[in-house]
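Colleague: Structure provided below as structure tokens; questions to follow.
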Amino acid sequence: MDITKTVVSLREAALLYGDYGTYHTQLSRKLLNCRKKLNIATKNRGKFQNKGTASAEQIGENHEYLRLQLLTAERTWANAMSMKATHTADTKGINSKARSHIVSRLEKGAKTAQSLADALSQTAASGASPTDVLEARAYAALLKGAAHFEKQNWQGCLKSYAVARIIYTALAASVKEDIFKDLLSETIDPSIRYAAYQAKIPRTEPVPSIARKAFLHAGGELVSEVKEHFPSVLEHGGLDDKKGSAGGDGAPSTLTWRGREVKIEDAAIAVAWASVAAAKEALSEKVSSSSQLLPKDVAAAYDDILIASQDAVDATKQAIDELKGEGVPQSDPRMQGLQITRTAVNFEMISWRIGRNRVLIGKDDGAHLDFGEAAKTKKAEDDSSPDHGQDLAPGRQIAKLKEKVVLYDGILQSIESVSELPGVANDEELSSRLEATEEYFTALKCLAIARSHSIAGNALNALALIKHALDESSSALPILSAGPDAESGYSPRNIHVNKNDAKSLHDLLSGELQRSRALVEILNSNKKSTSVASQSGDASKPLAAQLSNYPSSGIDLENIVAYPPQLEHVPVKPLFLDVAWNYIDYPDKKGPSKDAESALGKANAAAAEPEAKPQKRGWFGFGR
Numbered sequence: 001m002d003i004t005k006t007v008v009s010l011r012e013a014a015l016l017y018g019d020y021g022t023y024h025t026q027l028s029r030k031l032l033n034c035r036k037k038l039n040i041a042t043k044n045r046g047k048f049q050n051k052g053t054a055s056a057e058q059i060g061e062n063h064e065y066l067r068l069q070l071l072t073a074e075r076t077w078a079n080a081m082s083m084k085a086t087h088t089a090d091t092k093g094i095n096s097k098a099r100s101h102i103v104s105r106l107e108k109g110a111k112t113a114q115s116l117a118d119a120l121s122q123t124a125a126s127g128a129s130p131t132d133v134l135e136a137r138a139y140a141a142l143l144k145g146a147a148h149f150e151k152q153n154w155q156g157c158l159k160s161y162a163v164a165r166i167i168y169t170a171l172a173a174s175v176k177e178d179i180f181k182d183l184l185s186e187t188i189d190p191s192i193r194y195a196a197y198q199a200k201i202p203r204t205e206p207v208p209s210i211a212r213k214a215f216l217h218a219g220g221e222l223v224s225e226v227k228e229h230f231p232s233v234l235e236h237g238g239l240d241d242k243k244g245s246a247g248g249d250g251a252p253s254t255l256t257w258r259g260r261e262v263k264i265e266d267a268a269i270a271v272a273w274a275s276v277a278a279a280k281e282a283l284s285e286k287v288s289s290s291s292q293l294l295p296k297d298v299a300a301a302y303d304d305i306l307i308a309s310q311d312a313v314d315a316t317k318q319a320i321d322e323l324k325g326e327g328v329p330q331s332d333p334r335m336q337g338l339q340i341t342r343t344a345v346n347f348e349m350i351s352w353r354i355g356r357n358r359v360l361i362g363k364d365d366g367a368h369l370d371f372g373e374a375a376k377t378k379k380a381e382d383d384s385s386p387d388h389g390q391d392l393a394p395g396r397q398i399a400k401l402k403e404k405v406v407l408y409d410g411i412l413q414s415i416e417s418v419s420e421l422p423g424v425a426n427d428e429e430l431s432s433r434l435e436a437t438e439e440y441f442t443a444l445k446c447l448a449i450a451r452s453h454s455i456a457g458n459a460l461n462a463l464a465l466i467k468h469a470l471d472e473s474s475s476a477l478p479i480l481s482a483g484p485d486a487e488s489g490y491s492p493r494n495i496h497v498n499k500n501d502a503k504s505l506h507d508l509l510s511g512e513l514q515r516s517r518a519l520v521e522i523l524n525s526n527k528k529s530t531s532v533a534s535q536s537g538d539a540s541k542p543l544a545a546q547l548s549n550y551p552s553s554g555i556d557l558e559n560i561v562a563y564p565p566q567l568e569h570v571p572v573k574p575l576f577l578d579v580a581w582n583y584i585d586y587p588d589k590k591g592p593s594k595d596a597e598s599a600l601g602k603a604n605a606a607a608a609e610p611e612a613k614p615q616k617r618g619w620f621g622f623g624r
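The opening position of the sequence shown corresponds to residue 1 in full-length UniProt numbering, with each subsequent residue numbered one higher.
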């Protein structure tokens, strides 16, 4: 029957473009159409006759009677909310007469919803499922809780909202829809927290625990029904425990930071901190059990712990703002404890953010070249072709190194934000380790930039950057070496850099420095030999082209022959036709005879005449 889904969709559709008055108008129109379908609408100029509530048999025959009851209850709620919104804008607030009118409308809507729940509870006649009955009872409790809230009856408000919360928590765990979760987080939980504050319930007790106690205290048939269908909900807060937030009983009461133990007095902080611990365990299990995960998959596993730590940060900030609003001074022990808690939860959040960036950089924090390792691994799984290890083009390599530099910049900014947290500057040990960590990642950043210069052919720039990276690594090595060893197996990476990583980077940079010095030495020697060869006149000619000259300035072994070979002019002996020499008379030296002249003239005339072309025969130039 989707009672909750129908109500939520009606509210969202109306409040998206209008207010509660618009919603009330729409519900009146929908209610009239529903009455016309059921043939119970009041005729024109006729007197309205209330037909009463719908019976279980009517709902079983036609579900429009269910919709009729829902629209009636919603219209009274929309009318009450419209009046409340109107009087809230007044400077004097809501007066007693207006508040009484609002309460009466909410009570009428709750009464209509309760009658619907009673009708649906007769499952044999109405044909409703247990889920439909629970939804109807939760909706009735929601309207009843709103009425108690306006009457400022805080105990009644807690009981009604507790019923709605327990039922919606059970439905959210079974149906897996976000509608129930939105109702819990946006409407029910804030109302329970405010009612508990007015009822003098300690703030250290979380909302799930308050709701569970109020629900069990109410007793009745509903408690046994919920235990029958959803027994795990009433154990430790149900849905909250399954997420790892330890609903109330499993939430930590203290927080330890740098040897100082602080009591957690705010329930929201306790629940969020328990969520962080649970997400940390889940992350450790995931990355340790799956060694074949790609870096992107491992980085995606950090989302849960980042969200949980961000919730802890937000809860701590809200608690501090509330104490400041109450005028609590900074010297108060509660404020001092919250400041320590704030530093601890912010450090935890930033630490896991840095760990996620370290995973994205690659193995060993990107110290070794592994261009496209993830892509090659995926290709190797899908394709058995032998060309998996082909190197990327220089442009692609430089682009990959730029991506690493961006991640290093993000890590360095995060470390700087950690240093600015309250109390960190006074902790000398932590400050020195943060400085060493910053130097470690600065060295990695310089190494990545140096490799890009080396690929581009700037060996001198690469040498200078690697020398600077080695200096930074040498400065950070003694401090980072004082930390713990690397744990056995794979553990989630965070802000802590173990001494094995620092030692490995220092050794790598030492080898890279010697390599860069050798490359620069070779480059300088090549430039020197080129300059010596350019001083001679025939520097551009290879040695094979000037064998007749003695190389007084030395032989350029890199310019022996022209390579690659090119087409050149080669001198050869010219060819002459000896036809004319047969007519030259050498002995008398008087010139050619008349016979020779006549023969030569005939030969010239024959050569001058064009050659007669054969006549074509047939269609295509050939005969038969």
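Note that CB positions come from ideal geometry on N, CA and C, so glycine has one too.
Rounded to whole angstroms, what is the Cα-Cα separation between N524 and P422?
Modeller: 52 Å
Colleague: Within the same chain, show all residues whose beta-carbon is closer than 7 Å to that of V313, passing over the 5 residues directly before and after it, in chain order.
Modeller: V345, N346, M349
Colleague: What's the C-alpha gap between K227 and K36?
Modeller: Rounded to the nearest whole angstrom, the CA to CA distance from K227 to K36 is 41 Å.
Colleague: Pair every Cβ in the region 136–147 with every Cβ in the region 109–124, then say whether three or more of these pairs are closer than 8 Å.
Modeller: They touch, by the three-pair rule.
Colleague: Run through the DSSP bridge pairs and tell me what L255 is partnered with.
Modeller: V262
Colleague: Ordered along the chain, which non-local residues of its own chain (more than five positions away) have a Cβ less than 8 Å from that of I398?
Modeller: S452, I455, A456
Colleague: Where does R493 fall in DSSP's three states?
Modeller: coil
Colleague: Given this structure, state the Cα-to-Cα distance separating A268 from A315, to the nearest angstrom.
Modeller: Distance between A268 and A315, taken at the CA atoms: about 6 Å.
Colleague: Taking all protein chains shown into account, decide if T112 is buried (16 or more other Cβ within 10 angstroms of its Cβ) or exposed.
Modeller: Within a 10 Å sphere around the beta-carbon of T112 sit 16 or more other beta-carbons, which makes this residue buried.
Colleague: Expressed to the nearest angstrom, what Euclidean distance is found between the alpha-carbon atoms of A436 and L444?
Modeller: 13 Å
Colleague: Would you mind stating whether H24 and S82 have Cβ atoms separated by less than 8 Å?
Modeller: yes
Colleague: If you measure between the beta carbons of E476 and A450, is that distance less than 8 Å?
Modeller: Going by the sequence as given, residue 476 is Ala instead of Glu. Cβ distance not < 8 Å, so A476 and A450 don't count as in contact.
Colleague: I'd like to know whether the C-beta atoms of A110 and W154 end up nearer to each other than 8 Å.
Modeller: No; because the gap between Cβ atoms is not below 8 Å, this pair is not in contact.
Colleague: Relative to the alpha-carbon of G366, which residue among L283, L447, A136 has its alpha-carbon at the smallest distance?
Modeller: Of L283, L447, A136, the residue nearest in Cα terms is L447.
Colleague: Could you tell me which of I192, V133, I102, A125 sits nearest to I151, measuring between CA atoms?
Modeller: It should be pointed out that residue 151 corresponds to Lys in this sequence rather than to Ile. Of I192, V133, I102, A125, the residue nearest in Cα terms is I102.
Colleague: Could you check which residue in V497, V570, H569, K30 has the C-alpha nearest to that of I354?
Modeller: V497
Colleague: Measuring CB atoms only, is the region 119–127 touching the region 74–93, in the sense that at least three cross pairs come out at less than 8 Å?
Modeller: no
Colleague: Excluding sequence positions up to five away, which residues of its chain have a Cβ less than 8 Å from the Cβ of Q318?
Modeller: A268
Colleague: For the alpha helix (DSSP H) holding G145, just list the boundary residues, first then last.
Modeller: 130–151
Colleague: Can you tell me which of the three DSSP states M1 falls into?
Modeller: M1 falls in the coil class under three-state DSSP.
Colleague: Taking 8 Å as the threshold (C-beta atoms), are D132 and M1 in contact?
Modeller: yes
Colleague: Roughly how many angstroms lie between the CA atoms of S510 and A425, to the nearest whole one?
Modeller: Taking the CA atoms as reference points, S510 sits about 32 Å from A425.
Colleague: Determine the extent of the alpha helix (DSSP H) in which H468 is found, giving its start and end residues.
Modeller: 459–481
Colleague: Using a Cβ-Cβ cutoff of less than 6 Å, which residues in the same chain neighbour Q339 once the five nearest sequence positions on both sides are dropped?
Modeller: P422
Colleague: Can you give the Cα-Cα distance for P296 and A56, rounded to whole angstroms?
Modeller: Correcting the residue type first, residue 296 is Lys in the shown sequence and not Pro. C-alpha separation (whole angstroms): 56 Å.
Colleague: Using the Cβ count rule (16 or more neighbours within 10 Å means buried), how would you classify N526?
Modeller: exposed
Colleague: I'd like to know whether the C-beta atoms of Y168 and L184 end up nearer to each other than 8 Å.
Modeller: yes
Colleague: DSSP three-state call for V561: helix, strand or coil?
Modeller: coil
Colleague: Compute the Euclidean distance between the alpha carbons of G145 and A164, then round it to the nearest angstrom.
Modeller: 9 Å
Colleague: Roughly how far, in whole angstroms, is the beta-carbon of L407 from the beta-carbon of I466, given that I think they are within contact range, below 8 Å?
Modeller: With a Cβ gap of about 20 Å, L407 and I466 do not count as contacting.
Colleague: Could you have a look at K43 and say whether DSSP puts it in helix, strand or coil?
Modeller: coil
Colleague: Just the C-alpha distance for Q500 and A282, rounded to the nearest angstrom, thanks.
Modeller: The amino acid occupying residue 500 in the given sequence is Asn; Gln does not appear at that position. Cα-Cα distance, rounded: 25 Å.
Colleague: Helix, strand or coil for P551 per DSSP?
Modeller: coil
Colleague: Helix, strand or coil for A173? Go by DSSP, reduced to three states.
Modeller: helix
Colleague: Could you tell me how far apart the beta carbons of S552 and H506 are, in whole angstroms, since I believe they sit closer than 8 Å?
Modeller: Taking 8 Å as the upper bound for CB-CB distance, S552 and H506 are not in contact here, some 50 Å apart.
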